[in-house]
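Notes to accompany the following structure.
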Amino acid sequence: MPLPTLKRKLGVSNVGLYCDACGEFFAFGVEVPDDQVIEFTADGPILTKCPFCEAERDRRVAEITRLVLTEGTKRRSLA
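Just so you know, we're using our numbering here: the sequence shown kicks off at 5 and counts up by one.
Below, the structure is given as structure tokens:
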């Protein structure tokens, strides 16, 4: 079962991943204060499912990032 996602929100801190298939950022945590530590632990890869293109991928916990989401950071180029 894939890790549940939340609706991302512009202008606030989001914790999540960029999709390897479509480049969209999807969130596991939204409006997380910068001083709040969030820790993800796993014995191996975690299954994720992009809510935009529905691609399922095994990802490493180390790939999870925190950023203030803007129009410019919603999507990453897949060059």
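Ideal placement from N, C-alpha and C gives every residue a C-beta, glycine not left out.
Note down, in chain order, each residue of its chain lying with its Cβ closer than 8 angstroms to the Cβ of residue i, except the 5 sequence neighbours on either side.
i: PRO49; result: ASP62, ARG63, ARG64
i: ALA66; result: none
Given a cut-off of 9 angstroms on the beta-carbon distance, is the pair residue i and residue j in contact?
i: GLU43; j: PRO6; result: no
i: LEU73; j: ASN18; result: yes
i: ARG79; j: GLY27; result: yes
i: VAL36; j: LYS11; result: no
Using a Cβ-Cβ cutoff of less than 6 angstroms, which residues in the same chain neighbour residue i once the five nearest sequence positions on both sides are dropped?
i: PRO55; result: THR9, PHE30
i: THR69; result: none
So, with DSSP's three-state summary, where would you put residue i?
i: VAL16; result: coil
i: ALA66; result: helix
i: LEU10; result: strand
i: ALA59; result: coil
i: PHE29; result: strand
i: ILE42; result: coil
i: LEU1; result: Outside the displayed span of the chain (5 to 83) sits residue 1, for which this structure offers no information.
i: LEU73; result: coil
i: VAL36; result: coil
Name, in chain order, the residues that DSSP records as bridge partners for residue i.
i: LEU82; result: Beta-bridge pairing links LEU82 to no other residue.
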